[in-house]
Amino acid sequence: MENSVQPILLDPKLPRQKEEILRLRELPYVVVVDQIESQVKDLIKAGSPSISFSPEELAKKAKEFFQKVDRETYGLWVYYPWKNHLVHILPEEDFIRIRTIRNNYKITPQEHEFLAGKKIGIVGLSVGQSIALAMALERSCGEMRLADFDTLELSNLNRLKAGVTSLGLEKVVIAAREISEIDPYLNLTLFREGVTEQNIDDFFTENGKLDLVIDECDSLDMKILLREKAKFYGIPVLMDTSDRGMLDVERFDLEPNRPIFHGLMGNIDLNSLKNLTTQQKVGIGLKITGTDTLSPRMKASLLEVGQTISSWPQLASAVFLGGASVAHVGRKLLLGDPVKSGRYYVDLDEIVHLETLEEIKIPELKNVQNGDFKAAVPDDILPSGYLPTEKELEEMISFANLAPSGGNVQPWIWVLDQRGVLHLFHDKVRSYSLLDYKGTGSLIAFGAALENLRIFCGKHGIEIEVISQIKEFDDDLIASVRFASKQNQSLDIPHLDLYEGAGLRCTNRKNPKRKLLDDDQLEAILSFVDSEEMSLDFLTEEKDLEKLSEVLGGMDRMRLFHEQGLQDFIHEVRWNDKEARETKDGIDLATLELSGAERAAMGLLKDPRTVKFFRKFLMGYGLTKISHSTLMASSAIFLLQSKKYTPESILEAGKILQRIWIKANMMGIAFQPVTASLFIFQRVKRENDHGFEERETQLIAEHYKALKKLYGVKDGMEEIFMFRLNFAGEPSMRSYRRDVSETLIKLG
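Under my numbering, the sequence shown is numbered contiguously, ending at residue 767.
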């Protein structure tokens with residue numbers, strides 16, 4: 020009897036069935052439930068609603084009823100083989116009337132009669148079970164087709180109405196049995212293998228076309244196929260998502276040309292949706308649901324899929340709310356009420372104002388402002404011996420501005436004074452961020468820009484004198500460039516060969532199959548660090564990269580946990596091509612080389628409440644996935660160290676890094692900075708008011724200790740910059756650059 024589903028209806032008026040009833044009643048293991056008098060009393064009360072019967076009067080009426088009607092042949096007996104119960108019930112019409120009498124007049128008798136002719140199909144019985152039970156309880160249809168191939172697992176018991184005694188049992192069987200015990204007269208048709216391409220037409224049309232389809236399945240390709248068939252047959256579709264009470268209504272019966280999922284999926288190839296990983300399902304699922312409309316906790320949960328949880332979460336309260344919503348709207352739709360296509364929300368957190376993850380108040384930048392660059396131009400430098408032409412100056416600055424910068428903020432302002440001297444200033448409004456600690460991130464960019472300018476001038480025969488101006492961290496004036504003379508040929512300067520590669524230089528975040536650098540390539544990279552003040556170390560062993568990924572991934576979490584760090588992230592990413600083209604700065608999302616699922620997950624971080632939730636519970640391990648993928652596809656991860664932590668030493672590091680970067684790209688080797696953690700380490704190490712909570716500070720200290728151990732950092736050395744090299748081919752997209760006119764000021 021383990022796989023039995025349908026109850027057995029036995030009519031005592033029929034001799035053979037009466038014999039079966041008597042046989043079953045004699046079996047010692049069969050529980051007989053004969054409460055027919057109680058049901059008849061309900062029938063009597065329903066027939067005279069204006070009379071208030073006393074118990075004695077009601078008992079007398081019931082006795083009179085059975086004097087006219089043979090008790091033994093009245094009604095039907097229902098045998099439930101899966102629990103060995105034999106139950107005596109009213110005849111069908113009376114049973115339905117009494118069972119649903121408390122619906123009147125929320126649902127009128129006439130409406131019940133109309134609904135009895137309706138057929139609904141439910142696909143997916145995890146969420147669908149609550150919908151099926153609600154609609155069965157209300158008796159919103161006469162036939163219900165249930166489809167699911169899956170069996171009950173322990174992890175389903177957070178939201179399914181079942182118990183441990185049903186583990187391993189088919190979900191569709193559990194739902195069918197529950198409904199049959201509520202109403203054995205309700206017609207159930209089960210698709211125990213689920214809906215497939217082979218049986219989907221039978222599901223829609225066998226023994227009469229469905230009037231409503233309810234989609235609660237997990238399979239994306241089946242969701243699409245269900246809607247395509249619903250469009251073909253002109254059948255409406257409802258779907259609940261168990262987050263914020265989101266209900267989808269698609270009236271294909273009224274709008275046969277309506278795009279499925281409201282057009283959110285665009286053009287869909289069914290074959291591409293088969294055999295997806297959980298992460299890929301999340302990404303495509305986010306196209307359907309959208310990211311902006313998800314609750315903060317769901318956004319946080321989706322970023323944990325594949326990290327600390329195996330699938331997206333569903334709560335019983337949300338599932339039951341969805342069951343109520345679909346049952347209510349489905350009944351209204353079947354009755355012909357004007358239910359329109361669209362997306363609707365029954366968000367209890369908003370309705371009852373329960374959500375405590377309020378919007379983060381992002382710190383304002385009101386205390387960050389630039390000085391008066393014009394007034395700060397020094398007057399103690401000899402005039403330039405050569406004045407570059409307008410064209411030369413524009414090309415020179417354009418070439419210098421090809422330098423990299425943290426977050427691609429391009430934090431430079433160039434000022435050409437009346438004496439032909441070019442001055443480099445720090446645009447602090449652009450660069451202000453958690454990672455630009457003491458302006459060190461910008462100093463690396465300035466070093467790279469000055470190196471570009473030196474190479475450009477050498478190529479074009481312009482002899483220059485670069486005068487370092489910065490004395491303290493956060494000084495506005497970085498350096499001054501005096502043009503000494505102009506020759507008709509290139510100058511003999513170090514690293515002039517890098518000129519041709521400066522335009523090739525870019526960040527490449529692709530993660531191809533790992534390939535190691537050979538000895539010659541390693542030597543070429545290491546040769547650029549020829550100062551006793553600096554060293555360049557690297558990791559290549561996979562076990563070391565695994566450990567390093569824990570450090571860098573953990574620090575990615577710490578950055579986003581910090582309110583300023585989160586603001587920086589949200590503001591520096593250009594979330595679409597339009598934003599990237601308009602600003603010509605920031606990190607174009609296209610340059611992150613993310614899969615569709617990763618891009619969708621990244622979009623979840625635009626809501627600060629998501630990260631606030633992570634921070635509150637010290638979660639967010641899904642934020643580490645990109646770092647792990649980056650490191651494990653690397654040929655090597657390099658760490659540049661310095662004996663000094665001064666503005667001059669970091670400026671010099673920027674020049675060295677620019678040479679390495681250009682040379683690597685010229686050799687066909689991709690370069691990507693992975694240095695954010697170092698700026699945070701320095702901030703926490705040197706500042707008391709760093710903005711991290713105590714437990715976060717402890718984690719940061721542990722990560723810092725692990726990093727130093729991995730690289731064998733000696734006492735007295737300062738970690739300045741980290742980068743990875745690998746063989747990634749051409750990037751899909753290069754970052755934009757601001758126009759020279761936005762970065763150059765010429766004093767008249």
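Glycine residues also receive a C-beta, built at the ideal position from the N, C-alpha and C atoms. Nothing here was measured: the structure is a model prediction, and the numbers come from that model.
Start-to-end residues for the beta strand (DSSP E) that takes in residue i
i    : result
M258 : V256 to D259
P692 : A689 to P692
W101 : Where W101 is concerned, there is no enclosing beta strand (DSSP E), given that its DSSP letter is neither H nor E.
S73  : Note, S73: premise wrong, no beta strand (DSSP E); not H, not E.
R743 : E737 to N745
K393 : Per DSSP, K393 belongs to no beta strand (DSSP E) and is neither H nor E.
V52  : V50 to D53
Strand pairing of residue i, partner residues [DSSP]
i    : result
W96  : L29 and H107
I485 : It is worth fixing the name first, because residue 485 is Val in this sequence and not Ile. Partner(s): V500.
Y363 : L266
L165 : I141 and L209
V232 : G140 and V256
K505 : I481
F657 : F557 and F742
L763 : W433
E189 : T170
V592 : I606
The alpha helix (DSSP H) enclosing residue i, as first and last residue numbers
i    : result
M685 : P666 to M685
F251 : L239 to Y252
L171 : Taken as a continuous stretch (DSSP letters only), L171 belongs to no alpha helix (DSSP H), as it is neither H nor E.
Q36  : P34 to E45
K724 : E713 to Y730
E132 : P128 to L134
D221 : I219 to T224
L412 : E409 to A419
K351 : A335 to L353
E157 : G147 to E157
I768 : The structure shown does not extend to residue 768, since the chain is modelled only from 20 to 767, so the question has no answer here.
Distance between beta carbons of residue j and residue i, contact taken as under 8 angstroms
i    : j    : result
V434 : L766 : 7 angstroms
L401 : R533 : At roughly 53 angstroms, the Cβ-Cβ gap does not stay under 8 angstroms, so L401 and R533 are not in contact.
A498 : L469 : 6 angstroms
A81  : V106 : 18 angstroms between Cβ atoms; not a contact.
D436 : V485 : D436 to V485, Cβ: 15 angstroms. No contact.
S452 : G480 : Actually they are not in contact, since the Cβ atoms of S452 and G480 sit about 38 angstroms apart, beyond 8 angstroms.
V358 : K351 : 6 angstroms
L826 : R158 : The question about residue 826 has no answer here: the residues shown for the chain are numbered 20 through 767.
T526 : T602 : Contact flag wrong, Cβ pair sits at about 17 angstroms.
Q429 : R756 : 7 angstroms
Beta carbon proximity, residue i to chain C, threshold 8 angstroms
i    : result
I489 : The question asks about chain C, but that chain is absent: this structure has only one protein chain.
Residue i CB to nearest heavy atom of the ligand MG below 7 angstroms
i    : result
S403 : Only the bare structure without any ligand can be found here, which leaves the ligand MG out of the picture.
Contact the region 174 to 183 vs the region 140 to 152: 3+ CB pairs below 8 angstroms: yes
Is there contact here, the region 41 to 60 with the region 96 to 103, by at least three beta-carbon pairs under 8 angstroms? yes
Taking contact to mean 3 or more Cβ pairs, one atom from each stretch, closer than 8 angstroms, check whether the region 718 to 737 and the region 403 to 412 are in contact. no
Does the contact criterion of 3 or more C-beta pairs under 8 angstroms hold for the region 679 to 688 versus the region 511 to 531? yes
Counting only runs of 3+ residues fully inside the region 426 to 468, write out the beta strand (DSSP E) ranges in chain order. 431 to 435 and 440 to 445
Three-pair Cβ contact test at 8 angstroms for the region 161 to 169 versus the region 209 to 218: yes
Taking three-plus beta-carbon pairs below 8 angstroms as touching, is the region 549 to 560 in contact with the region 656 to 676? yes
Please list the segments of the beta strand (DSSP E) lying wholly inside the region 518 to 588, counting only runs of 3 or more residues, in order along the chain. 553 to 558
Pair every Cβ in the region 451 to 462 with every Cβ in the region 411 to 418, then say whether three or more of these pairs are closer than 8 angstroms. no
With a threshold of 8 angstroms, are at least 3 pairs of Cβ atoms found where one atom belongs to the region 571 to 581 and the other to the region 719 to 727? yes
Give a yes or no on contact between the region 261 to 275 and the region 354 to 374, applying the rule of three or more CB pairs nearer than 8 angstroms. yes
Touch test, the region 104 to 123 against the region 60 to 77, Cβ-Cβ under 8 angstroms, three pairs minimum: yes
Three Cβ pairs or more, each shorter than 8 angstroms: is that satisfied between the region 241 to 251 and the region 268 to 275? yes
If you pair each beta-carbon of the region 482 to 496 with each one of the region 689 to 708, do three or more pairs fall below 8 angstroms? no
For the region 578 to 590 and the region 443 to 457, state whether three or more C-beta atom pairs, one from each stretch, are separated by less than 8 angstroms. yes
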